[in-house]
Structures are given as C-alpha cells and as structure tokens.
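What follows is one structure encoded as structure tokens, with my remarks underneath.
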Amino acid sequence: MSTEFTAAELLAAGLLHADDDARISPRAVFVPADEEGVSRPVRIGAGAVIEAFAVLHGGTTIGQDARVEAHVVVGKPELGYAVGQTYPGAGAATTIGDQVVLRAGAVVYAGVELGARVLVGHHTLLRSAVTIGAGSLLGHHLTVERATRIGRDVRCSPGSHITSSTLIGDRVFLGAGVRTINDKTLTWRDPDREPVLVPPRFEAGAKVGTACVVLGGITVGTGALVGGGSLITRDIPAGAIAYGHPARVHGQVVAR
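When we follow the UniProt record's numbering, the leftmost residue of the sequence shown carries the number 1, and every step to the right adds one.
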C-alpha cells in the first residue's frame, strides 16, 4: 500500500509540515502510508533541500539545513523475511539531523536516527533502527545493517559491511572494505534452529585498516590499531598494535 504524493499534494492532505525556507523539488516523492495502511506526517526544517526524485516516507523528519540529494530514499519500512524474523512493512519515526548530507542514491530505512552534520555517501544503505552520532562520515557503497549503533565523529570508509547490532564507539576509524561478521553458525531459514547473532564491538578511538575481516563477538579495544588486511579472530586489547592473518599483537600505540 504505497500511494505517492508530490509536496503540494501532501501539504494539502495535512501531512507535510515544512518550514517556509525549505527548498523542495516539485519532483520529490512522498509516501505517507506504510504497508499496514498507517499514514504519518513528514517534517522538513528551515533551509533543508530536497532534490528531484528523492523519496520520503511517512514518519520522516529532516533537520535544518540538511540536504537530501536526488534518488535518496528516507524512512523506507522493512518488508519481508530476514534472519529469523518477518517484517510487516510498518513505518517508524526516522530522524535526519541538522546539516546532514545524504548523497545521491543513499537508502535510509525506517527508524534510523542521524545526528547533526552526518554525511552519508552515494549508494550507502542504512537498515532499520541504525543510530549514528553527530559529525560522523560514512563513505559511498557502505552497508550498515539493522540496529547498529555508531558514535560521534566516526569515519567508515567506502565499500565496508557493518553487520547488524555492531557497536562502534566515538572517533573510530574503519578503512575501506572492512567486513564484519555476527553469525558463528551460518543459520538461514532453518525451522529447527534459531540464529544466534554475536556482533563485534569497536571501542572509542580504535582504528581498523583496509580489507580487515572481523569475526563475531570480537572487541577491538579503545585506541587499538589493526593493520590492513588482517583477519581478527580474537579480542584486540586497548592501545595494542595488531596485524596479521590471524591478527596478533605486535606492540603498543605510543601516545602523542
């Protein structure tokens, strides 16, 4: 059940609350009702820009001076089966903070919350209930799965996969092509076995180089540094320098 509206039509229906200073393309698309038939309003703050062919679903709030570029999707409800659960297509509040930039082609599912000044790159996917702290930057072609929590001033480089429910602390740096895993049994559609998901954790200030693979349940400690191409199969202590296949500790980060 998805009836599309223009901004003028949504305003006439009483479901668009936009500041007079907002700039909304007449070719932007609004979908107030979710798959359950529940309609929610869309709110757009002062100075925000909504470009042509952006799609905003009901329950979306766009903050002041935010920019939603062409072909971005915001507030899309989850629909269908994934990892032991079926999603009915219910909408939810989706918050895009002040001065956020969503580059062309980004997809943001319902229930996501982005803090102020977050930048999301081209064709990056944020699944439902993801939260991202102020000032963080996500490069292009990233996948951030459901319920992941990302702190403030984090850098996630292009082409990485952040598995569901991952915890990423403030000021973490993830290089390009980092792969994270949360499933130790590779369970899929097994009626006799529920998947047990154990996501990794990156503590504040940790740095993980390009093309690392991080297994389920691993903690990369505060301020640790992991070299590119490493396979991380065990916890990395706070302040450690680690690398290798599998990664092993080879030293300590020197404070500057």
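Glycine residues also receive a C-beta, built at the ideal position from the N, C-alpha and C atoms.
All values reported here derive from a predicted model rather than from experimental measurement.
Query	Result
Taking all protein chains shown into account, decide if residue 199 is buried (16 or more other Cβ within 10 angstroms of its Cβ) or exposed.	buried
Return helix, strand or coil for residue 113, following the three-state DSSP convention.	strand
State yes or no: is the C-beta of residue 218 within less than 9 Å of the C-beta of residue 232?	yes
Within the same chain, show all residues whose beta-carbon is closer than 6 Å to that of residue 46, passing over the 5 residues directly before and after it, in chain order.	19, 21, 64
Can you tell me the Cβ-Cβ gap for residue 56 and residue 75, rounded? I've got them flagged as a contact below 8 Å.	6 Å
Indicate whether the contact test is met: 3 or more Cβ pairs, each with one atom in the segment 127-147 and one in the segment 161-173, closer than 8 Å.	yes
Pick from 228, 195, 192: whose alpha carbon is nearest that of residue 207?	228
In whole angstroms, what is the alpha-carbon distance linking residue 175 and residue 137?	12 Å
Alpha carbon to alpha carbon, how far is residue 42 from residue 126?	19 Å
Which residue from 12, 54, 9 puts its Cα closest to that of residue 28?	54
Judging by CA-CA distance, which residue of 140, 134, 204 is the nearest neighbour of residue 124?	140
Which same chain residues end up closer than 6 Å to residue 48 when comparing Cβ atoms and leaving out the 5 residues on each side of it in sequence?	22, 62, 66
Compute the Euclidean distance between the alpha carbons of residue 73 and residue 31, then round it to the nearest angstrom.	10 Å
Would you give the residue range spanned by the beta strand (DSSP E) that residue 82 belongs to?	79-82
Taking buried to mean at least 16 other C-beta atoms within 10 Å of its own C-beta, is residue 262 buried or exposed?	No statement about residue 262 is possible, as the shown extent of the chain runs from 1 to 256 and does not include it.
So what's residue 15 in DSSP terms, helix, strand or just coil?	coil
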